[in-house]
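For the sequence shown, the positions run 37 to 112 when our numbering is used. Shown next, in structure tokens, is the structure this report addresses.
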Amino acid sequence: MIGKEKIDRINELARKHKEEGLTEDELKEREQLRKEYIAKFRENFRGQLDQIKFVEDLSEEEQEAYKREREKRKNS
37 MIGKEKIDRI NELARKHKEE GLTEDELKER EQLRKEYIAK FRENFRGQLD
87 QIKFVEDLSE EEQEAYKRER EKRKNS
């Protein structure tokens, strides 16, 4: 994920934009930070979606293994 410093800077620029406005350099910086944040968000979200498995798409053996693993996690 994007670093805390960059998120803090995005928030700082947002506050400044609401209060007094931004310079051209700050507008460019804000745009760059936003693009970076959105790219990382999409990358992470895509990774999460890639981890999803639909039970209907699994073979019977895979379904049984999935059920055993799920039960094991519940009992842990």
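Ideal Cβ placement from N, Cα and C applies to all residues, glycine included.
Handout entry: Candidates Glu-100, Lys-40, Lys-110, of which the one nearest Leu-116 by Cα
Key = Residue coverage of the chain in this structure runs from 37 to 112, which leaves residue 116 outside it and unanswerable.
Problem - Proximity below 9 Å, CB of Glu-62 to CB of Lys-52 - result: yes
Problem - Contact check, Lys-89 vs Tyr-102, beta carbons under 9 Å - result: yes
Exercise for the section: Could you tell me whether the Cβ atoms of Leu-49 and Glu-65 are closer together than 9 Å? Expected result: At a Cβ-Cβ threshold of 9 Å, Leu-49 and Glu-65 count as neighbours.
Problem - C-alpha gap between Glu-55 and Ser-95, whole angstroms - result: 58 Å
Problem - Span separating the alpha-carbon of Gln-87 from that of Glu-107 - result: 18 Å
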